[in-house]
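Chains as they are written, first to last, in the numbering used here: chain A, 156 to 564; chain B, 156 to 564; chain C, 156 to 564; chain D, 156 to 564.
C-beta atoms are modelled at their ideal positions from N, C-alpha and C, and glycine is treated no differently.
Quick caveat: nothing in here was measured; it's all calculated off a predicted structure.
A short write-up of the structure that comes next.
There are 4 protein chains.
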Amino acid sequence: MSDNSETVEIHGHIIDSLSLPKVLDELIEAGADYEILEFNVGKSHQDPSYARIKIWTETEDELERALRRIHPFGAAPVDIGEVTLEEVDIDGAFPASFYSTTNFPTEIRIGGRWIPVEHPEMDCGIAVEETRAFTIPVADVKRGQMLVTGRDGIRVIPSERPRGKSALEFEFMGSSVSSEKPKELQVQRVASQMKAVKKEGQKILWVLGPAVIHTGSGPDLSALAANGWVDVVFAGNGFAAHDIESALFKTSLGVYLQEGTSAEGGHEHHIRAINLVRRSGSIEKAVADGVVTEGVMYQLVKHDIPFILAGSVRDDGPLPDTITDILESQKAMRELSGNVGLTIIVATMLHGIATGNILPASVPIICVDINPSTVTKLLDRGSHQSAGLVTDVGLFIAQLAGELGASKS
Amino acid sequence: MSDNSETVEIHGHIIDSLSLPKVLDELIEAGADYEILEFNVGKSHQDPSYARIKIWTETEDELERALRRIHPFGAAPVDIGEVTLEEVDIDGAFPASFYSTTNFPTEIRIGGRWIPVEHPEMDCGIAVEETRAFTIPVADVKRGQMLVTGRDGIRVIPSERPRGKSALEFEFMGSSVSSEKPKELQVQRVASQMKAVKKEGQKILWVLGPAVIHTGSGPDLSALAANGWVDVVFAGNGFAAHDIESALFKTSLGVYLQEGTSAEGGHEHHIRAINLVRRSGSIEKAVADGVVTEGVMYQLVKHDIPFILAGSVRDDGPLPDTITDILESQKAMRELSGNVGLTIIVATMLHGIATGNILPASVPIICVDINPSTVTKLLDRGSHQSAGLVTDVGLFIAQLAGELGASKS
Amino acid sequence: MSDNSETVEIHGHIIDSLSLPKVLDELIEAGADYEILEFNVGKSHQDPSYARIKIWTETEDELERALRRIHPFGAAPVDIGEVTLEEVDIDGAFPASFYSTTNFPTEIRIGGRWIPVEHPEMDCGIAVEETRAFTIPVADVKRGQMLVTGRDGIRVIPSERPRGKSALEFEFMGSSVSSEKPKELQVQRVASQMKAVKKEGQKILWVLGPAVIHTGSGPDLSALAANGWVDVVFAGNGFAAHDIESALFKTSLGVYLQEGTSAEGGHEHHIRAINLVRRSGSIEKAVADGVVTEGVMYQLVKHDIPFILAGSVRDDGPLPDTITDILESQKAMRELSGNVGLTIIVATMLHGIATGNILPASVPIICVDINPSTVTKLLDRGSHQSAGLVTDVGLFIAQLAGELGASKS
Amino acid sequence: MSDNSETVEIHGHIIDSLSLPKVLDELIEAGADYEILEFNVGKSHQDPSYARIKIWTETEDELERALRRIHPFGAAPVDIGEVTLEEVDIDGAFPASFYSTTNFPTEIRIGGRWIPVEHPEMDCGIAVEETRAFTIPVADVKRGQMLVTGRDGIRVIPSERPRGKSALEFEFMGSSVSSEKPKELQVQRVASQMKAVKKEGQKILWVLGPAVIHTGSGPDLSALAANGWVDVVFAGNGFAAHDIESALFKTSLGVYLQEGTSAEGGHEHHIRAINLVRRSGSIEKAVADGVVTEGVMYQLVKHDIPFILAGSVRDDGPLPDTITDILESQKAMRELSGNVGLTIIVATMLHGIATGNILPASVPIICVDINPSTVTKLLDRGSHQSAGLVTDVGLFIAQLAGELGASKS
């Protein structure tokens with residue numbers, strides 16, 4: 156037995172949350188040996204368990220890698236120490252040994268106390284200012300800030316799987332991504348989750364792709380917005396352009412939404428819609444000017460519902476409200492993501508991933524797309540409460556509006 | 156200019172049906188030269204046009220191949236001659252030079268007269284008995300029958316694209332296969348096409364896969380059947396087994412359709428359902444015995460709606476009604492396909508292709524599937540009136556039932 | 156605490172195989188309370204663990220359901236008793252309370268001894284004759300046979316996850332189904348698994364769909380067959396028909412495989428190929444007659460490699476070798492599945508599921524398809540050693556043939 | 156017959172290019188009546204045809220709409236007049252009646268002469284400066300510029316379908332989007348098209364998504380770049396970040412490309428790679444500093460191959476070379492798109508659409524993706540020479556490199 160050993164501990168619902176098995180898995184895959192020194196199992200499922208595990212490896216490097224593997228599952232050395240801080244030497248770049256964050260709740264040990272890290276977000280650094288610790292994206296970091304490096308003094312709190320009645324709902328919603336599930340039931344579950352979130356005074360964030368408009372769901376979504384079921388919107392130029400196209404020309408991508416036929420010259424409609432809003436100066440002014448008199452964007456303006464239109468390189472125009480700088484877009488999205496209790500991503504991979512990137516793991520995400528690959532990809536980084544619906548975006552929003560009593564007029 | 160030449164003619168709406176351009180395309184791709192000898196264009200779109208084209212090639216073999224290419228688009232030699240007949244020498248096999256059919260209306264010239272071929276069906280031979288000509292599958296042919304060989308004396312009548320108001324509806328429904336179309340509108344169009352078919356006294360054939368049950372659409376489909384919107388059903392053992400599973404255990408594939416949770420031992424439910432029906436002897440007897448008291452199969456039995464359950468090699472059980480021989484299944488399906496005015500294929504590639512194989516091109520097909528590849532493949536062999544809906548099977552049937560006033564109780 | 160209680164035990168690698176957490180999960184989801192009475196954890200990962208758990212519920216019915224949920228994970232009552240047998244009363248139907256099998260190794264306790272059940276297969280019954288116990292499909296059962304009912308005296312042995320070096324390969328191959336994995340590496344792993352299977356004297360079973368021929372992989376697959384890498388083939392009429400079409404006409408579905416262009420009248424080629432083989436009487440005779448002189452089917456005949464062509468309702472023709480009765484097909488497939496050490500399913504959902512249905516869980520399956528949904532569905536019922544490759548069937552077989560030194564000439 | 160009539164003419168290969176049938180189609184769908192006044196058909200397929208058609212409608216508005224429908228197919232009023240120009244009144248917005256461009260070659264009539272419009276690009280305006288006419292995106296337009304409005308004096312030249320030998324290749328490559336095509340042949344065709352383009356002194360533009368790296372194709376693509384087969388690259392931050400991750404850590408998204416296993420802490424690798432390049436200041440400097448010593452980006456720097464990394468809202472970091480403003484990205488892409496003779500889009504919808512938006516229809520596009528929906532969407536706006544390959548990105552690039560003799564070392 157070599158000297159390269161460390162004793163780690165892990166507590167909580169480590170059996171039924173699968174944390175312990177995952178830690179043992181990782182150790183085996185890392186080629187490490189282990190011995191379970193102590194193991195107190197919770198007698199029933201309300202009781203937490205505790206395990207103390209000795210790990211050893213052939214080289215020190217292997218030990219380091221093994222510890223890094225089990226860190227995200229909540230297993231940490233018994234003597235975890237204090238965080239190491241290093242001063243940032245270049246604007247917009249971290250020291251090479253920076254600690255890279257997960258989106259789980261994280262605490263750092265400093266001055267003998269555990270401090271929670273504000274706004275858990277993936278792939279960031281942790282900056283420390285006096286008694287505060289917060290995540291910071293690499294592009295925002297400034298010379299002279301103090302940044303957490305290494306892995307000492309840091310603990311991640313993995314989320315537990317829900318239990319009881321809500322666990323059953325979770326089982327249905329969250330299990331595998333498949334189009335072959337009872338569909339009306341799925342819609343009802345989304346509706347009841349929305350009601351619960353509103354009851355707790357939290358916000359519902361919608362992340363929307365242009366297919367919402369192409370499939371004719373604009374009027375239903377407008378009704379949802381008018382009835383208080385939409386608190387924040389993240390979308391792109393395309394969503395807003397086609398929504399305004401439908402308000403001005405009754406078409407989306409040139410197809411009449413009430414007849415399904417192509418309009419003559421209809422492929423020009425979206426760029427004409429964009430141009431008209433550019434002439435007004437902004438969507439808000441276009442509403443004030445009487446240019447835009449219906450649609451989702453109209454309802455957002457009318458009901459003071461904040462929205463972000465994040466630009467992308469495939470945009471036509473764009474609309475004057477579209478943020479053309481991607482770092483500005485990310486910043487704006489972060490600012491609007493506070494107190495969000497539920498995120499509903501519909502028919503957009505790009506904006507869905509962007510939103511998933513900035514949200515803490517604790518915010519549940521519901522992804523709705525007709526393509527199972529898109530749903531699978533979006534759920535990858537979500538919380539345990541997240542769920543994917545492989546369904547038709549158009550029929551989904553229509554049914555949801557009906558379920559919530561928000562019918563289009 | 157070589158001697159290998161032939162003069163062909165083509166008439167009808169050859170410009171706006173694209174027949175003429177397609178014929179010229181094929182000639183170019185066959186490497187043939189051509190000269191348009193006569194061309195009378197219909198002045199307006201009501202008038203038929205006519206073209207006479209001289210074709211020549213370097214070798215006689217090339218000429219033969221060029222003529223074969225343009226034959227399916229209605230271009231035939233001016234002097235088309237009479238059909239050649241050959242006696243079948245082996246049971247279950249055609250003479251090597253047999254004429255292989257398309258699913259378009261076809262006529263053969265015999266005794267100086269044009270005779271229509273009964274039941275146009277792809278990949279068959281044409282048998283002639285006295286004054287009748289009819290398609291015959293290779294497995295059914297008997298020694299001594301007279302069969303059409305070669306290509307002389309045969310003309311195919313390509314279907315024309317619909318015009319006028321119905322053309323506009325067709326444009327919307329039939330154009331490209333895409334999930335990004337106005338969805339409620341698509342459902343309305345299907346409903347109105349169903350009403351039109353019933354009004355003309357024709358039958359609606361449903362071809363159904365098990366996802367119809369998994370997505371919770373069984374009650375809506377039952378209501379459609381109870382209200383006269385289902386005249387014939389083609390399905391497999393899986394569809395019926397899961398439908399009866401849902402009647403007996405409230406689950407489909409072991410998932411409770413009302414709660415979405417897994418039943419304990421639920422993966423056994425479908426085989427238990429099958430076993431119980433086997434104990435009764437047939438679905439009809441299981442209904443009579445009071446074993447099966449609800450569901451789609453129950454409604455079919457109760458309302459005397461004929462159904463075919465065609466067996467496949469992946470079947471469990473199977474149910475006693477499942478036809479285990481594939482040639483028997485095909486024969487049974489052919490017998491029930493008379494006077495079908497509309498075929499609706501939902502969530503099944505296997506049974507959808509099998510149905511497409513036996514139907515004439517003139518029967519419109521509506522394919523509904525969440526997977527665009529499936530829809531594209533199924534539409535390949537359909538008529539000009541066919542349409543594909545890339546949508547959620549569960550929500551589609553629910554909306555359709557609502558649209559037709561056939562609500563589940 | 157009610158009287159509805161039972162004590163169960165579970166042993167083996169119950170932590171790192173996730174069996175224990177899964178059992179606890181199931182109990183919670185069943186609404187049962189539990190207490191872990193004894194828990195001996197294996198100190199290192201070579202050592203087995205053991206747990207004894209007391210379960211109680213409010214009603215006896217709930218207890219029954221809870222026990223049924225944990226049964227497939229290897230948790231069985233301490234006092235498991237002996238199997239109950241019941242005489243079959245009707246040909247082709249089980250007694251209503253029959254035990255429905257999994258595809259995991261299973262033992263039954265009879266006369267105080269544990270007897271293994273021969274040929275584990277899903278959704279069957281267990282028949283007992285003297286000292287033998289074997290699975291039997293419902294359609295094959297005869298009046299007077301003795302069948303296992305209930306759940307007493309039955310234990311299922313869940314398969315353990317592989318460990319060590321092969322575990323690492325498994326991790327790569329078997330983890331998530333995704334097209335975004337290192338592809339040449341995946342092909343190398345399949346090749347090395349094939350070599351390992353042959354070294355152990357086991358058979359490689361290929362299950363093949365027609366896209367293998369359409370994508371131009373016929374010559375590579377022929378080379379694999381000629382070089383001993385194909386021991387058994389399961390396919391359908393379409394695969395063989397297009398293979399023979401390519402041998403006779405150089406086309407597949409009418410497309411020239413060497414030029415990619417459509418042959419004139421090419422859509423008739425497959426039915427002409429089928430007809431010619433029907434004239435010979437069988438594929439073997441068509442090879443003997445010199446009608447078929449190359450291709451995959453030719454190599455199978457030449458090298459005495461057994462194959463099953465299982466018919467389906469969408470078949471044209473079919474070829475004389477196609478088994479038209481589905482129960483006959485299943486029987487034939489079962490007979491050829493002995494000593495199979497690896498199953499490679501390429502581009503076929505229908506035959507893939509049929510094969511998965513009859514194989515024990517212990518036979519590793521590699522599924523190759525360009526559609527991730529197909530791969531996911533096929534892997535559902537496979538063993539822990541199964542793997543899915545979302546890739547291009549044509550390029551996959553070409554690379555694999557290169558990797559195994561079986562180049563087409 | 157009303158007074159709302161107009162006479163249009165159309166010439167060229169209007170039958171076999173399908174222009175005439177499409178014009179007639181559009182007229183019927185627009186509800187217009189027509190009479191073909193003159194029709195001179197080309198006798199053979201080398202000869203152009205000519206048609207003069209009188210159109211009339213019930214209202215003037217309908218006539219206007221009918222003319223707008225047929226305009227993109229090359230049908231224009233006999234007396235087409237001169238273009239109308241209007242002065243731009245606001246920076247960044249067109250006059251409301253601006254002419255919206257297609258990506259086909261376009262000419263405008265001014266001062267009695269036809270002037271070609273420079274750089275055909277969709278959804279732009281046409282600015283006129285002295286004797287030059289050029290497309291201009293709405294965001295770039297400045298007050299005081301003269302812009303084309305209305306539809307007078309403008310003609311679009313629809314591209315003709317290729318004929319002869321290249322037509323046959325086109326038929327194979329370009330026809331339907333399907334995964335079931337001969338694959339090695341497809342790769343050979345791409346290789347021969349690349350050789351032809353280089354021979355004519357034109358550039359090959361690659362548009363690349365991160366899956367190129369995940370699938371292990373980086374070394375093959377590096378070899379293609381090192382051997383002169385890559386002239387320009389458009390990609391995003393993700394492609395470059397994972398390429399540099401693979402150079403620094405041998406992983407992509409944390410998965411070792413040589414073993415397929417997950418690296419410990421591997422999910423951090425891409426952000427660590429980005430951070431290291433940020434510390435150098437740019438990719439070029441990171442190469443110069445010896446930080447990046449292999450990979451695609453390394454080869455681009457080493458061989459002075461220009462690249463654009465267009466930022467998107469989901470980017471981590473980003474790399475210092477990533478252009479964060481989307482309008483800057485579009486501008487940079489336009490500047491590098493001159494003399495491009497072939498565009499190969501691999502595994503990216505976002506950058507593929509962005510590239511399709513700015514290219515003239517005359518530049519052939521080859522789209523390669525494993526998802527058929529992506530390929531279909533990308534081809535929508537391409538030229539007649541465009542082709543889609545539904546295949547495995549990893550195996551495709553490996554085979555292509557082999558075909559072009561650019562093997563990785």
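Measure the C-alpha to C-alpha separation of residue i and residue j and round it to an integer number of angstroms.
i, j, result
"L376 (chain A)", "E273 (chain A)", "33 Å"
"M156 (chain A)", "F228 (chain A)", "No answer about M156 (chain A) holds up, because its pLDDT of 43 lies below 50 and its placement is not dependable."
"W361 (chain D)", "V456 (chain D)", "15 Å"
"V311 (chain D)", "L533 (chain A)", "42 Å"
"T477 (chain C)", "E215 (chain B)", "38 Å"
"V283 (chain D)", "V345 (chain D)", "39 Å"
As a quick exercise: from the options, pick the residue whose alpha carbon is nearest that of residue i.
i, options, result
"I513 (chain A)", "A:Q348, A:L482, A:D524, A:N526", "A:L482"
"P250 (chain A)", "A:P271, A:I281, A:H226, A:F228", "A:I281"
"R434 (chain D)", "A:V296, A:P271, A:A402", "A:V296"
"R427 (chain C)", "B:M277, B:F259, B:I183", "B:M277"
"V388 (chain A)", "A:E423, A:I368, A:S492, A:A351", "A:S492"
"A187 (chain D)", "D:L175, D:L218, D:P203", "D:L218"
"T448 (chain D)", "D:E419, D:I399, D:F462", "D:I399"
"E335 (chain B)", "B:I525, B:E423, B:I552, B:K563", "B:I525"
"P292 (chain C)", "B:V442, B:P176, B:I429, B:Q348", "B:I429"
"E439 (chain B)", "B:P461, B:L555, B:I508", "B:P461"
Listing by chain order, which chain D residues have their CB less than 9 Å from the CB of residue i?
i, result
"P527 (chain B)", "P527, S528, T531"
Which chain D residues are close to residue i, counting only those with a beta carbon under 8 Å from its beta carbon?
i, result
"N512 (chain A)", "R469, D471"
"Q300 (chain A)", "Going along chain D, no residue has its Cβ under 8 Å from Q300 (chain A), so there is no contact; the nearest lies around 14 Å."
Can you list the residues of chain A that residue i reaches, using a CB-CB cut of under 8 Å?
i, result
"T498 (chain D)", "Result: empty, since nearest Cβ-Cβ is about 15 Å, beyond 8 Å."
Can you list the residues of chain A that residue i reaches, using a CB-CB cut of under 9 Å?
i, result
"D459 (chain B)", "In chain order: nothing, as chain A lies at least about 29 Å away."
Item to complete: Report yes or no: do three or more beta-carbon pairs, one from the region 226 to 243 of chain B and one from the region 298 to 310 of chain B, lie closer than 8 Å?
Response: Short answer: they touch.
Worksheet item: If we count Cβ pairs, one from each stretch, closer than 8 Å, do we get three or more for the region 256 to 268 of chain D versus the region 479 to 496 of chain D?
Response: Between the region 256 to 268 of chain D and the region 479 to 496 of chain D, the count of Cβ pairs shorter than 8 Å is below three; the stretches do not touch.
Worksheet item: Counting pairs of beta carbons, one from the region 380 to 396 of chain C and one from the region 453 to 472 of chain C, are three or more of them closer than 8 Å?
Response: Yes: at least three Cβ pairs fall under 8 Å.
Worksheet entry | Cβ pair count under 8 Å reaching 3, the region 341 to 353 of chain B against the region 539 to 554 of chain B | Taking one beta carbon from each stretch, the region 341 to 353 of chain B and the region 539 to 554 of chain B have 3 or more pairs nearer than 8 Å; the two touch.
Item to complete: Starting from the N-terminal side, write out each stretch of the beta strand (DSSP E) that is 3 residues or longer and does not extend beyond the region 184 to 271 of chain D.
Response: For the region 184 to 271 of chain D, whole beta strand (DSSP E) runs of length 3 or above, ordered along the chain, are 188 to 195, 204 to 211, 239 to 242, 261 to 265.
Worksheet entry | Minimum length 3: unbroken beta strand (DSSP E) runs contained in the region 438 to 500 of chain A | For the region 438 to 500 of chain A, whole beta strand (DSSP E) runs of length 3 or above, ordered along the chain, are 462 to 465.
Worksheet item: On the three-pair Cβ rule with 8 Å, is the region 405 to 412 of chain B touching the region 379 to 388 of chain B?
Response: No, the region 405 to 412 of chain B does not touch the region 379 to 388 of chain B.
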